[in-house]
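Structure first, commentary second.
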Amino acid sequence: MNLRTKSAAAVLSACVALGLATAAPASAASDKSATGTETSAEGLRTKVRVTTKDVKIKKGKFTTKDWMVIAVDVPEPYRHSDGSVVASEWTVTITPRYTATSTCAKGGTLPGGLERISGDLKLTLPALKSRGLEKKSSLMYLYHGAGRCTFDITVYVTRDGDYTQGIPAYYDTVKVSGVTVDNVAPSKSTISSPTKVKKNKSFTVSGKATFQNPKDRFKAVSVKKGARVQVQFRKNGKGPWKTIKTTKVGSKGVWKAKVKLPAKGKIRAVVSQTKTSQAATTKARSISVTKK
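Under mature numbering (1 follows the signal peptide of the UniProt record, and there is no 0), residues -28 to -1, 1 to 264 are what the sequence shown spells out, in order.
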């Protein structure tokens, strides 16, 4: 399927079947993060960067906004001898490699307004009905999530030349391949602590981290033991959150940490993403600090 910079809207709606997060081929640079993958590749004078988000599978309807961004850096426009401005034009071709185990998202439409010469191309995965779970009977459920789909992205770039000025025509092709990921389930964590503590004296902060298991009707189960938990503090006001203690999730999703506070403010906990669950940030708790 082609995503053309000057007539993309009609064709682009088919792209939803492609998927949700890329991984780089051997020839491209890749940086895996908690929210997806950034992949880049370079041609003769063109650089392509593809950034994607993992889809957080959950029961019912949901939308993942801007799940793929394609940024293309091309040669600058120039003024032709006839007075016109000549800019680079690029076309994107996305080809999925379907397999028997592919569970790419299906259906839906993507927004128009995609005509462009250069810049970012953003795709939105539309709301889907019961994306991860389908009830077949009172005793049987059909699970649709946790799938992977491989796809190839090819960017074609052209720019007309002007032999009067000695500027040759320009052609370039850049290829990036990837694999989609949609197996990260929603999670949450609680936090418990005193509301009043002594300045620079240790006290215990605790909580429990769970996630919705998409393979068992999205029931809440404990986050995997060993997941990292960062306890963060922010002084009253609009300052940044600072990590004051790092600990790990223990058995049954429970975590604990001993911390000290230099002043009154708020604390929260951030549980890192695992292979099966999203990162989760607790609600902030206000704590007052006394000198004695």
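Backbone N, C-alpha and C define an ideal beta-carbon position, used for all residues, glycine too.
{"Check": "Given 8 angstroms, three or more beta-carbon pairs between the segment 127 to 135 and the segment 218 to 227", "Outcome": "no"}
{"Check": "Residues sharing a beta bridge with Gly179, DSSP", "Outcome": "Trp227"}
{"Check": "For Ala77, three-class secondary structure by DSSP", "Outcome": "Model confidence at Ala77 stands at a pLDDT of 45, short of 50, so the residue's coordinates are unreliable and nothing is read from them."}
{"Check": "DSSP bridge partner residues for Ser194 (one or two, in chain order)", "Outcome": "Thr182"}
{"Check": "Which of helix, strand or coil DSSP assigns to Ala235", "Outcome": "coil"}
{"Check": "When Lys197, Pro140, Lys238, Lys220 are compared against Gly169, the one with the closest alpha-carbon", "Outcome": "The residue asked about is misnamed: residue 169 is Val in this sequence, not Gly. Comparing Cα-Cα distances from Val169 to each of Lys197, Pro140, Lys238, Lys220, the minimum goes to Lys238."}
{"Check": "Option in Lys263, Lys247, Ala241, Thr246 with minimal Cα separation from Glu253", "Outcome": "Glu is not the amino acid found at residue 253; the sequence shown has Thr there. If we check each option's Cα against that of Thr253, Ala241 comes out closest."}
{"Check": "Same chain only: Cβ atoms within 8 angstroms of Ser244, ignoring 5 sequence neighbours per side", "Outcome": "Ala6, Ala199, Arg200, Val201, Gln202, Ala251"}
{"Check": "Own chain partners of Val129 with C-beta closer than 6 angstroms, once the 5 adjacent residues on each side are dropped", "Outcome": "Thr18, Val46, Ser60, Trp62, Asp144"}
{"Check": "Beta-carbon proximity list for Ser178, same chain, < 6 angstroms, skipping 5 on both sides", "Outcome": "Ser164, Lys228"}
{"Check": "Spatial distance of Glu10 from Thr162 (CA atoms)", "Outcome": "31 angstroms"}
{"Check": "Beta-bridge partners of Ser260, as assigned by DSSP", "Outcome": "Lys168"}
{"Check": "Secondary structure of Thr162, DSSP reduced to three states", "Outcome": "coil"}
{"Check": "Cβ shell of Lys255 (< 8 angstroms), same chain only, five flanking positions each side left out", "Outcome": "Ile163, Arg240"}
{"Check": "Length of the line joining the Cα atoms of Lys247 and Pro166", "Outcome": "32 angstroms"}
{"Check": "Span of the beta strand (DSSP E) around Val20", "Outcome": "19 to 24"}
{"Check": "Limits of the unbroken beta strand (DSSP E) element including Ile139", "Outcome": "It is not in any beta strand (DSSP E) - Ile139 carries neither H nor E in the DSSP assignment."}
{"Check": "8 angstroms Cβ shell around Gln204 - same chain, five flanking residues per side excluded", "Outcome": "Trp213, Lys214, Thr215, Ile216, Ile239, Arg240, Ala241, Val242"}
{"Check": "Nearest neighbour of Thr65, chosen from Ile125, Ser258, Arg257, Thr218 [CA to CA]", "Outcome": "Ile125"}
{"Check": "Minimum C-alpha distance to residue 283 - residue among Pro140, Phe183, Val231, Phe190", "Outcome": "The requested residue 283 does not occur in the structure, where the chain is confined to residues -28 to 264."}
{"Check": "Of the listed residues Ala43, Ile42, Val57, nearest to Pro49 (C-alpha basis)", "Outcome": "Val57"}
{"Check": "Rounded straight-line distance, which links the Cα of Pro234 to that of Ser258", "Outcome": "14 angstroms"}
{"Check": "Status (buried if at least 16 other CB within 10 Å, exposed otherwise) for Leu16", "Outcome": "exposed"}
{"Check": "Boundaries (first-last residue) of the beta strand (DSSP E) holding Arg189", "Outcome": "Neither: Arg189 is in no beta strand (DSSP E) and is coded neither H nor E."}
{"Check": "Beta-carbon proximity of Ala13 to Val146, cut-off 8 angstroms", "Outcome": "yes"}
{"Check": "Buried versus exposed call for Ala181 [16 or more other C-beta atoms within 10 Å across all chains shown]", "Outcome": "buried"}
{"Check": "Residue closest to Thr176, alpha-carbon to alpha-carbon, out of Lys263, Ser260, Val231", "Outcome": "Val231"}
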